[in-house]
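Report on the structure given below.
Chains as they are written, first to last, in our numbering: chain A, 5 to 381; chain B, 3 to 240.
Spelled out as C-alpha cells, the structure:
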C-alpha cells in the first residue's frame with residue numbers, strides 16, 4: 005500500500021450562467037492556457053468558501069468536545085515530561101505544571117476531566133515547551149524560585165498567551181491548521197497551510213456573455229419620464245472547471261499537534277466541501293449552485309502533479325470530452341512514469357478511470373479520511 | 003565536466019517573485035537563487051527555522067534556466083481582497099503579540115492586493131551544487147523532488163506543477179552548455195539566464211541582480227552577476 009503522504013483531489017465542476025469570481029473591474033477572472041483564454045476561479049475564492057461553508061460537512065462542525073479528549077495530554081506529554089527527561093528537579097516541575105495546564109486548558113484545567121478544546125499546532129507547542137525549559141533551568145533546584153518565575157512570566161506574557169488561546173480555540177484554530185496563518189514579523193509563529201489549492205480554470209475556451217440589464221422603477225406614474233432608473237451590463241460565464249487540491253498529511257498533522265483522528269475528519273469533510281460548495285458570488289441573481297460531475301482522489305508519496313495538461317488543448321465544453329481528456333492524460337502519465345498512487349473515482353457518468361476504483365462521493369470521502377488518519381492508501 | 007540536475011518547472015500558473023512594491027507582488031522572468039533554494043528545501047522537508055542549512059544550500063546552488071516555449075511570455079495580475087480588522091492579533095515567539103497599526107478607519111474597506119503570475123509556465127532548469135560532497139548531495143535533492151516531503155509548488159502555493167519536476171541528468175562543462183543540451187529545437191533560440199561565473203560567451207547582456215536571501219534576517223540583499231541571452235539560436239550566416 006502506498007504511503008498516503010499526499011492526497012490529490014481533482015474535480016470537473018460545471019457552472020452555467022454565473023459570475024463566480026470577479027476582478028476589480030467587475031469582469032470574470034481569466035487566464036491564458038495553451039494559447040486560449042479560460043475563465044478562472046481564484047485559489048483564494050475557493051478556499052474562502054470552503055472555509056466558511058455551513059451545513060453537515062462544515063469544518064466548524066467538527067466536534068470540539070472530543071478534540072478536547074484527544075488533546076488533553078499534550079501539555080503533559082510535550083511540555084512537562086521533557087522536563088523530567090532532562091533531569092529537572094521534580095519539585096520545580098510540580099511548581100510549573102499547574103500554570104501550563106491552566107494556561108492551555110482554562111481555569112478548571114488542573115483536573116483532567118474539565119478542559120476546553122484548544123488546537124495547539126507545532127509552533128505553539130514548541131514555543132511553550134521552550135519557555136517551560138527556560139523557566140525550569142533558571143530556577144535550578146529551587147521550587148520557590150520556580151513559583152516566582154512562573155508568576156512573573158504569566159504576568160509579562162499575558163497578552164501573548166491570550167493571543168495563543170484566541171488563535172487555537174476551535175473552530176478558528178481549525179481554519180488556521182488547514183489554511184495556514186502568517187505573522188510577517190515572526191516566521192517561527194507561522195502555521196504553514198496544509199492544503200494547496202490551484203486556481204480552477206475552464207477546460208474549454210471562455211464562454212462569456214455580456215448581460216445588459218435595466219432597472220425599472222415600478223412606482224413611476226404615467227406622466228413621468230418613461231426611461232429606466234438604471235442601465236448596466238454584467239458579465240455571465242458558463243464553465244466546466246478543472247479543480248485541483250493537494251492535502252499535505254505531514255503538515256496537517258504538524259498543525260493539529262499530531263491528532264490523526266481530526267486529520268481524518270478534516271479530510272473527509274473537505275472532499276464533501278470541494279464537491280458541493282459553490283465559490284459563487286451573485287447568489288440571488290444567478291443561483292450558482294452545483295455539485296461536481298467528476299471527482300478523482302489519489303493518495304501516494306510521489307510528487308503531486310495536476311492533470312491540467314489534459315486540457316492544454318481546450319476541449320469541447322462537455323463532460324464526455326473532458327472526462328476522456330482527463331482519463332487519457334492519466335493513462336499517459338501512468339505509462340511514462342508508472343502508477344504510484346491509489347485512486348478512487350466518483351462520477352455522474354460512472355465511466356472507468358485508469359487505476360481507479362469506482363465509488364460514491366461518501367465512499368470516496370471516507371476513503372480519503374481513512375488515508376489521512378492511517379497514513380496508508 | 004559536471005553532472006547537472008535537469009528540472010522542468012511546468013504549471014498553468016507560476017510565479018518568480020521579485021521585490022514586492024506596496025501591495026503589488028511583481029514577478030521576474032527567471033527564478034531567484036533564493037527561490038531555487040526554497041524549492042529544494044521544501045522538497046527536503048526542512049522547516050523555515052533551519053536558517054543555517056538554507057543559507058549553506060543557497061551558497062552551493064549553481065543554476066541556469068531556459069524558457070521552453072516560442073509562445074511569448076504571458077502574465078496575469080490576480081486581484082485579491084482581504085478583510086482585516088484593527089483588533090487582529092497574533093502571538094509571537096518574542097513574548098508580545100503582533101498587532102495592527104492604525105485606527106479603526108484604516109480597516110473600514112477591504113485591503114486590496116495584486117499578485118502577478120506567469121501563465122502557462124514551462125521553464126527548464128539545470129542545477130548543480132558547488133561543492134557536491136556536502137549534505138544534501140545532488141542525488142539526495144533529486145530523490146527529494148521525486149518523493150518530496152511536502153507538495154512542491156512554483157513560487158506560490160496555488161502554483162501546483164502539472165508535470166514531475168525531475169527530468170533527468172545532463173553532463174556538461176558549464177551552465178550554457180547544459181542549457182544547450184536541453185534546449186528545444188527552436189529556430190529562433192530560447193531565452194535563458196545563467197550565472198556569469200559559468201562563462202559569458204553567448205550572453206546578450208550581463209547584469210547584476212539581487213536574488214539571494216539572508217535566511218537569518220529574512221531579507222534579500224547583495225548582488226549576483228548573471229548573463230541573459232538566447233540559447234540554441236542558429237549562427238548568423240556570413
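Just so it is clear, CB atoms sit at the ideal spot from N, CA and C, and this is done for glycine as well.
Using 8 Å for Cβ pairs, my map puts residue i next to residue j. What's the rounded Cβ distance?
| i | j | result |
| --- | --- | --- |
| residue 160/B | residue 53/A | About 15 Å; that fails the 8 Å criterion. |
| residue 307/A | residue 150/B | 5 Å |
| residue 318/A | residue 335/A | Residue 318/A to residue 335/A, Cβ: 20 Å. No contact. |
| residue 208/B | residue 226/B | Actually they do not touch by this definition, with Cβ atoms about 11 Å apart. |
| residue 183/A | residue 55/A | 6 Å |
| residue 165/B | residue 253/A | Wrong, their Cβ atoms sit about 23 Å apart, outside the cutoff. |
| residue 37/B | residue 63/B | Rounded, the Cβ-Cβ distance is 10 Å, inconsistent with contact. |
| residue 57/A | residue 201/A | With a Cβ gap of about 14 Å, residue 57/A and residue 201/A do not count as contacting. |
| residue 82/B | residue 30/B | Not a contact, Cβ separation roughly 20 Å. |
| residue 153/A | residue 141/A | No, residue 153/A and residue 141/A are not in contact; Cβ-Cβ is about 10 Å, not under 8 Å. |
| residue 234/B | residue 206/B | The Cβ separation is near 13 Å, so there is no contact. |
| residue 42/B | residue 59/B | 7 Å |
| residue 333/A | residue 313/A | 6 Å |
| residue 248/A | residue 315/A | The pair is not a contact, with the Cβ atoms about 11 Å apart (cut-off 8 Å). |
Might you give, ordered along the chain, the residues of its own chain that have their beta carbon closer than 7 Å to the beta carbon of residue i, omitting 5 neighbours on each side?
| i | result |
| --- | --- |
| residue 165/A | 107 |
| residue 201/B | 176, 178 |
| residue 178/A | 63, 66, 123 |
| residue 241/A | 22, 23, 32, 43, 210, 211, 212 |
| residue 264/A | 257, 377 |
| residue 236/A | 217 |
| residue 214/A | 237, 239 |
With a CB to CB cut of under 8 Å and the five nearest residues on each side skipped, what residues in its chain are close to residue i?
| i | result |
| --- | --- |
| residue 61/B | none |
| residue 31/A | 239 |
| residue 194/A | 127, 184, 185, 186, 187 |
| residue 109/B | 86, 87, 88, 102 |
| residue 35/A | 41, 42, 44, 203, 205 |
Take residue i and list the residues in its own chain whose beta-carbon comes closer than 6 Å to its own, dropping the five residues that flank it on each side.
| i | result |
| --- | --- |
| residue 255/A | 196, 198 |
| residue 145/A | 93 |
| residue 196/B | 66, 177, 178, 229 |
| residue 276/A | 61, 369 |
| residue 16/B | 120, 123, 156, 157, 161 |
| residue 296/A | 15, 17, 279 |
| residue 293/A | 282 |
How would you label residue i, buried or exposed, when you count the other beta carbons within 10 angstroms and need 16 or more for buried?
| i | result |
| --- | --- |
| residue 137/B | exposed |
| residue 340/A | exposed |
| residue 217/A | exposed |
| residue 266/A | buried |
| residue 230/A | exposed |
| residue 3/B | exposed |
| residue 342/A | exposed |
| residue 9/B | buried |
| residue 112/B | exposed |
| residue 234/A | exposed |
| residue 12/B | buried |
| residue 219/A | exposed |
| residue 96/B | exposed |
| residue 171/B | exposed |
| residue 103/A | buried |
| residue 138/A | exposed |
| residue 163/B | buried |
| residue 80/A | exposed |
DSSP puts residue i in a beta bridge; with which residues?
| i | result |
| --- | --- |
| residue 195/A | 185/A |
| residue 302/A | 12/A, 347/A |
| residue 26/A | 32/A |
| residue 236/A | 217/A |
| residue 12/B | 124/B |
| residue 63/B | 131/B |
| residue 1/A | The requested residue 1/A does not occur in the structure, where chain A is confined to residues 5 to 381. |
| residue 380/A | 7/A |
| residue 69/B | 125/B |
| residue 206/A | 245/A |
| residue 362/A | 349/A |
| residue 211/A | 242/A |
| residue 168/B | 9/B |
| residue 48/B | Paired residues: none, contrary to the question. |
| residue 208/B | 229/B |
>> Could you check whether the region 39 to 50 of chain A touches the region 103 to 114 of chain B, counting it as contact only if at least three pairs of C-beta atoms, one from each stretch, sit closer than 8 Å?
In response: no
* **the region 286 to 301 of chain A / the region 10 to 30 of chain A touching (three or more Cβ pairs under 8 Å)** => yes
Item checked: the region 313 to 330 of chain A touching the region 268 to 284 of chain A, judged by at least three CB pairs closer than 8 Å -> no
Segment contact flag, the region 356 to 376 of chain A with the region 72 to 89 of chain B, C-beta cutoff 8 Å, min 3 pairs
no
Q.
Taking contact to mean 3 or more Cβ pairs, one atom from each stretch, closer than 8 Å, check whether the region 42 to 52 of chain B and the region 19 to 28 of chain B are in contact.
A. no
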